[in-house]
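Below: the structure, in structure tokens.
Number of protein chains: 2
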Amino acid sequence: MTDRIFTAGLVVIGDEILSGRTHDKNIAQVASWLQVQGIRLAEVRVVPDVIERIVEAVNALREANDYLFTTGGIGPTHDDITVDAVAEALGVEVIIHPQARATLERYYADKGGLNEGRLRMARVPDGAELIPNRMSGAPGIRIGNIHLMAGVPHITAGMLDALTGSLEGGAPLISETVGGFIPESEVSTLLREAELAHENCQIGSYPFFREGKVGSNFVVRSTDRADLDACMKDLCDGLTEAGFEFTHGGI
Amino acid sequence: MTDRIFTAGLVVIGDEILSGRTHDKNIAQVASWLQVQGIRLAEVRVVPDVIERIVEAVNALREANDYLFTTGGIGPTHDDITVDAVAEALGVEVIIHPQARATLERYYADKGGLNEGRLRMARVPDGAELIPNRMSGAPGIRIGNIHLMAGVPHITAGMLDALTGSLEGGAPLISETVGGFIPESEVSTLLREAELAHENCQIGSYPFFREGKVGSNFVVRSTDRADLDACMKDLCDGLTEAGFEFTHGGI
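Protein chains in written order, with the UniProt record's numbering: chain R, 1 to 251; chain G, 1 to 251.
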């Protein structure tokens with residue numbers, strides 16, 4: 001644990017997200033996992049299956065952050081070009097990783113064996129290590145500060161699980177939520193003042209419409225428990241004074 | 001209709017997405033709507049509630065694309081800074097839009113009237129027009145090629161509906177899908193060859209695990225109906241030759 005803030009970028013790769021065909025689930029999944037590691041997700045870019053566009057995003061976010069994650073484009077088909085793009089970004093060759101090849105040979109032994117497409121999943125940028133994949137044969141890939149994960153969310157979940165605790169992070173961001181049928185536009189001054197009074201805290205306001213009524217959840221975030229509690233107390237006192245009912249944990 | 005390809009960028013603004021607290025629904029919604037307008041979503045960036053980061057993303061994507069959309073950060077609270085960021089990106093002042101103020105005065109007439117927070121929602125970059133919002137009082141904002149939309153998905157849906165047909169687009173991208181319990185790793189050569197044989201077509205391969213079995217949906221995309229049909233025929237003939245069963249429309 002240090003006071004330093006660790007950040008990560010995420011590049012989501014795939015025409016299927018940009019066409020609206022597939023609803024991304026990896027942004028929220030990677031973001032939540034990073035929080036627990038004490039790492040903040042600083043930016044996400046969603047880019048198409050085009051080498052130059054992936055290279056550009058990878059280079060921008062790997063240099064600006066402590067860690068970079070990618071999701072998508074590491075499968076067996078012609079549109080899976082993430083390994084090629086990351087190798088190009090780093091200026092290294094693409095090689096067949098012997099351990100990945102052995103894993104795939106075992107996995108496909110009773111499924112028709114390795115073929116050209118399946119062997120693609122053993123390709124890595126030269127110098128990479130593998131990230132275990134307990135769900136299917138093809139591993140994730142780690143090279144430098146870059147982590148290449150699957151596009152299928154539950155496979156990425158397994159890879160994240162394998163990485164848990166292996167990355168250096170700072171103090172995790174903690175948060176508390178209160179919510180109620182409170183129009184955020186009636187308490188905007190209170191929110192701003194409570195945030196200003198506690199410099200280690202941020203307050204987010206998230207409106208919703210439910211049961212025909214408007215309401216909001218207010219999330220106070222900090223890396224310090226005492227600061228968080230003091231800010232939350234000011235916020236709750238202010239909401240009570242204004243005559244609002246609210247629920248801890250949000251609604 | 002022209003042969004030119006029109007593209008759009010999307011900047012999703014909000015700490016709540018980067019923390020994993022809120023699952024984004026606007027990327028898929030904006031992407032699908034753009035397809036129907038004949039406009040391709042070329043890149044998405046998700047950035048935090050920090051002026052400099054929003055300015056940087058807005059400038060990068062508005063210059064690289066025909067259109068830019070933003071979602072989030074146009075509400076009444078202190079963390080709603082999208083208008084300020086876009087004004088800074090364009091080098092213009094922030095003003096109170098008289099029509100937006102009048103709309104908000106009417107909307108809040110029986111809800112306690114305008115206050116400082118609510119009046120924030122009438123702020124626009126100087127020179128902007130309003131995008132109607134039928135769901136709640138605060139309008140969307142259009143300035144140059146930039147469209148500022150709400151963060152709450154159903155409000156954004158109403159704003160997109162108000163914009164339907166008002167943006168120049170090219171020929172819409174059309175697509176056809178076939179799917180089955182077909183491991184994509186067994187047909188990767190077929191997919192690559194079918195795509196190569198039809199230069200106006202792209203084939204995406206989207207694996208899934210369902211009912212304990214692996215399968216894939218294959219999506220052929222083109223702006224030309226005849227090219228699309230020819231490519232889909234080659235793909236289906238190849239799948240049949242290889243002994244696979246599949247369903248048109250995908251599974």
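For each residue, glycine too, the CB sits at the ideal point set by N, CA and C.
With distances taken Cα to Cα, identify the nearest neighbour of GLY112 (chain G) among R:LEU235, R:VAL187, R:ARG101.
Residue R:VAL187 is the option with its Cα nearest to GLY112 (chain G).
Spatial neighbours of MET232 (chain R) in its chain, beta-carbon cut-off 6 Å, leaving aside the 5 residues before and after
Excluding residues up to 5 positions away in sequence, GLU176, VAL220 lie with their Cβ nearer than 6 Å to the Cβ of MET232 (chain R) in the same chain.
Reference VAL50 (chain R), options R:VAL12, R:THR22, R:GLU43, closest by Cα:
Comparing Cα-Cα distances from VAL50 (chain R) to each of R:VAL12, R:THR22, R:GLU43, the minimum goes to R:VAL12.
Just curious, the beta strand (DSSP E) that PRO207 (chain G) is in, first and last residue?
Start and end: 202-210.
Residues near LEU114 (chain R) in its chain [Cβ-Cβ closer than 8 Å; skip 5 each side]
The residues are ARG101, LEU104, GLU105, TYR108.
Members of the region 23-35 of chain R near chain G, C-beta cut-off 9 Å
Taking 9 Å as the Cβ-Cβ cut-off against chain G, the residues of the region 23-35 of chain R that qualify are HIS23, ASP24, LYS25, ILE27, ALA28, GLN29, VAL30, ALA31, SER32, TRP33, LEU34, GLN35.
Starting from THR189 (chain R), find everything on chain G with Cβ-Cβ shorter than 7 Å and list it in chain order.
Taking a Cβ-Cβ threshold of 7 Å, the residues of chain G close to THR189 (chain R) are GLU116, GLY117, in chain order.
Considering only the alpha carbon of each residue, which of G:THR189, G:ILE74, G:PRO183, G:ILE182 lies closest to GLY137 (chain G)?
The candidate whose alpha carbon is nearest that of GLY137 (chain G) is G:ILE74.
Output the boundary residues of the beta strand (DSSP E) element that contains ASN59 (chain G).
Per DSSP, ASN59 (chain G) belongs to no beta strand (DSSP E); it is in the alpha helix (DSSP H), 51-64.
Is there a Cβ of chain G sitting closer than 8 Å to that of VAL55 (chain R), yes or no?
Answer no: the Cβ-Cβ gap between VAL55 (chain R) and chain G never drops below 8 Å.
Compare the Cα-Cα distances from ALA128 (chain G) to each of G:GLY151, G:GLY9, G:ILE95 and report the closest residue.
Per the Cα distances, G:ILE95.
What first and last residue would you give for the alpha helix (DSSP H) that runs through VAL36 (chain R)?
Bounds of the alpha helix (DSSP H) holding VAL36 (chain R) are 26-36.
Could you list the residues in the region 69-98 of chain G with a C-beta less than 7 Å from some C-beta on chain R, going in chain order?
Cβ contacts with chain R come from GLY75, PRO76, THR77, HIS78, ASP79.
Quick test of your reading: VAL86 (chain R) and PRO125 (chain R), contact by CB under 8 Å. State the CB separation rounded to the nearest angstrom.
Contact flag correct, Cβ pair sits at about 5 Å.
Return helix, strand or coil for ALA42 (chain R), following the three-state DSSP convention.
Assigned with DSSP and collapsed to three states, ALA42 (chain R) falls in strand.
Note down, in chain order, all residues in the region 163-185 of chain G with a beta-carbon under 7 Å from any beta-carbon belonging to chain R.
Listed by position, the residues of the region 163-185 of chain G near chain R (Cβ gap below 7 Å) are GLU184, SER185.
Cβ of PRO48 (chain G) within 8 Å of any chain R Cβ:
Judged by the 8 Å Cβ criterion, PRO48 (chain G) is in contact with chain R.
Report yes or no: do three or more beta-carbon pairs, one from the region 58-76 of chain R and one from the region 11-28 of chain R, lie closer than 8 Å?
Taking 8 Å as the limit for Cβ pairs, the verdict is that the region 11-28 of chain R does touch the region 58-76 of chain R.
Under the three-state DSSP convention, the category ILE155 (chain R) falls into
In this structure, ILE155 (chain R) counts as helix in the three-state DSSP scheme.
By alpha-carbon positions, which one of G:GLY20, G:LYS25, G:ARG21, G:SER185 ends up nearest to ILE155 (chain G)?
Residue G:LYS25 is the option with its Cα nearest to ILE155 (chain G).
Supposed contact pair LEU119 (chain G) and LEU41 (chain R) - C-beta distance, whole angstroms, cut 8 Å
Not a contact, Cβ separation roughly 33 Å.
Limits of the alpha helix (DSSP H) - the one that ILE17 (chain G) falls within:
Per DSSP, ILE17 (chain G) belongs to the alpha helix (DSSP H) from 15-18.
HIS248 (chain R) versus R:GLN202, R:GLY179, R:LYS213, residue with shortest Cα-Cα distance:
Taking only the C-alpha atoms, the option nearest HIS248 (chain R) is R:GLY179.
Does DSSP classify GLY215 (chain G) as helix, strand or coil?
Note: GLY215 (chain G) maps to strand in three-state DSSP.
For the alpha helix (DSSP H) containing PRO98 (chain G), name the first residue and the last one.
Unbroken alpha helix (DSSP H) run through PRO98 (chain G): 98-107.
Name, please, each residue of chain R whose Cβ falls closer than 7 Å to the Cβ of TYR206 (chain G).
Annotation: Cβ neighbours of TYR206 (chain G) in chain R (cutoff 7 Å, chain order): GLU16, THR22.
What does DSSP give as the partner residue(s) for ILE174 (chain R) in the beta ladder?
Secondary-structure assignment with DSSP links ILE174 (chain R) through a beta bridge to R:SER222.
Cβ-based burial, GLN202 (chain G) [other Cβ within 10 Å; buried from 16]
Buried, since its Cβ has 16 or more Cβ neighbours within 10 Å.
CA nearest to the CA of GLY91 (chain R), picked from R:ILE131, R:GLY144, R:THR77, R:ASP66
The residue with the shortest Cα to Cα distance from GLY91 (chain R) is R:GLY144.
Select from G:LEU191, G:SER216, G:ILE251, G:ALA226 the residue whose C-alpha is nearest the C-alpha of LEU235 (chain G).
Of the candidates G:LEU191, G:SER216, G:ILE251, G:ALA226, the one whose C-alpha sits nearest the C-alpha of LEU235 (chain G) is G:LEU191.
When Cβ atoms are compared, which residues of the region 131-159 of chain G fall closer than 7 Å to chain R?
For the region 131-159 of chain G, the set of residues with a beta-carbon nearer than 7 Å to any beta-carbon of chain R comprises VAL152, in chain order.
Chain-order list of residues whose beta-carbon lies under 7 Å from that of PHE244 (chain R) (same chain, five-residue window excluded):
Apart from the 5 residues on each side of it in sequence, PHE244 (chain R) sits with its Cβ closer than 7 Å to the Cβ of GLY180, ILE182 in its chain, given in chain order.
Here's a check: name, in chain order, each residue in its chain whose Cβ is nearer than 8 Å to the Cβ of residue 272 (chain R), leaving out the five neighbours to either side.
The shown model of chain R, from 1 to 251, leaves out residue 272 (chain R), and the question about it has no answer.
Can you say whether LEU61 (chain G) is buried or exposed, counting buried as having 16 or more other CB atoms within 10 angstroms of its CB?
With 16 or more other Cβ atoms within 10 Å, it is buried.
Minimum Cβ-Cβ distance from MET1 (chain R) to chain G less than 8 Å:
At MET1 (chain R) the pLDDT is 43, less than 50, meaning the model places this residue with poor confidence; the figure from the coordinates comes in the next sentence. Using a CB distance cut-off of 8 Å, MET1 (chain R) does not count as an interface residue toward chain G.
Does the beta carbon of GLY112 (chain R) come closer than 8 Å to any beta carbon on chain G?
GLY112 (chain R) counts as touching chain G.
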